[in-house]
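Numbering (this note's numbering), first residue to last: 5 to 182. Yeah, the Cβ is synthetic: ideal placement off N, Cα and C, and Gly gets one too. Remember, it's a predicted structure, so these values are computed and weren't measured experimentally.
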Amino acid sequence: MITTERLFLREMTTKDFTDLCLILQDDKVMTAYEGAFNDTEVSDWLAKQQRNYRDHGIGLWAVILKENGRFIGQCGLTWQEVEGEHLLEVGYLFNADYWHQGFATEAAIACKKYAFKRLGADKVFSIIRDTNRASQAVALRNQMTPIKTIIKHYKQIDMPHTVYCVEKGGQWLFLVYN
């Protein structure tokens with residue numbers, strides 16, 4: 005489990021399905037994915053994260069508010085294939101009710117620190133659709149720099165994405181590992 009000042013991050017379980025639906029079935033949240041997921045897609049997404057935990061020890065984790073135990077989003081580390089390279093990515097998706105409060109940045113910084121300190125990574129990336137200004141701002145606050153543009157093909161659409169990168173080093177939020 006990763007703990008920050010206001011949050012803790014933990015593996016998602018099947019009990020998180022309803023809360024995950026509030027995120028993945030919200031058209032506003034899922035704009036970068038060209039629309040909300042149906043129940044089957046949410047279930048598949050959750051199963052993929054659980055496979056990632058089992059196979060890689062990482063994945064997108066549930067982001068829980070310490071003050072009340074609410075599931076407000078997901079943030080974590082996943083392996084992404086980009087132009088033949090395997091990149092360790094910090095990814096995040098949050099319930100729209102919790103946008104613009106610094107939660108995504110706090111969680112993303114915690115995941116970056118985890119990657120450097122616990123996984124021994126030298127670099128961490130975020131791959132963000134070119135129209136997703138809010139996520140780009142989180143990457144910049146996470147000390148990441150845009151390094152290139154790639155095209156992802158999803159739902160028969162070519163989607164430009166910016167690849168952001170940060171190398172080991174920098175300032176960190178207080179973080180405790182349990």
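Residue i: CB within 8 Å of a non-hydrogen atom of the ligand FMN
| i | result |
| --- | --- |
| V142 | The ligand FMN is not among the ligands present in this structure, which contains no ligands whatsoever. |
Buried versus exposed call for residue i [16 or more other C-beta atoms within 10 Å across all chains shown]
| i | result |
| --- | --- |
| I183 | Here the chain has residues from 5 to 182 only, and residue 183 is not among them. |
| N72 | exposed |
| G39 | exposed |
| I62 | buried |
| Y158 | exposed |
| I76 | buried |
| Q160 | exposed |
| N42 | exposed |
| Q105 | exposed |
9 Å Cβ cutoff met for residue i and residue j
| i | j | result |
| --- | --- | --- |
| C79 | A111 | yes |
| V46 | L69 | no |
| M163 | A36 | yes |
| A66 | R14 | yes |
| I154 | E87 | yes |
| N146 | K116 | yes |
Bridge partners - residue i, DSSP secondary structure assignment
| i | result |
| --- | --- |
| I76 | Paired residue(s): none; I76 is not in a bridge. |
| G88 | According to DSSP, which records beta bridges pairwise, G88 is partnered with nothing at all. |
| T153 | T166 |
| L1 | Residue numbering for the chain in the displayed model covers 5 to 182; residue 1 lies beyond these limits and cannot be assessed. |
Close-in-space but distant-in-sequence residues of the same chain around residue i (CB under 8 Å, 5 per side omitted)
| i | result |
| --- | --- |
| L50 | M16, T18, D20, F21, L24 |
| E171 | D126, K127 |
| A119 | L81, L92, V94, A125, V128 |
| D30 | A40, N99, A100 |
Where residue i falls: helix, strand or coil (DSSP)
| i | result |
| --- | --- |
| D55 | According to the sequence shown, residue 55 is Arg rather than Asp. In the structure shown, R55 sits in a helix (DSSP, three-state: H, G or I). |
| D162 | strand |
| F129 | strand |
| E71 | coil |
| K32 | coil |
| L97 | strand |
| R10 | coil |
| T135 | coil |
| E45 | helix |
Cβ shell of residue i (< 7 Å), same chain only, five flanking positions each side left out
| i | result |
| --- | --- |
| I132 | S139, Q140, A143, H165, T166, Y168 |
| K156 | M163, H165 |
| L26 | N99 |
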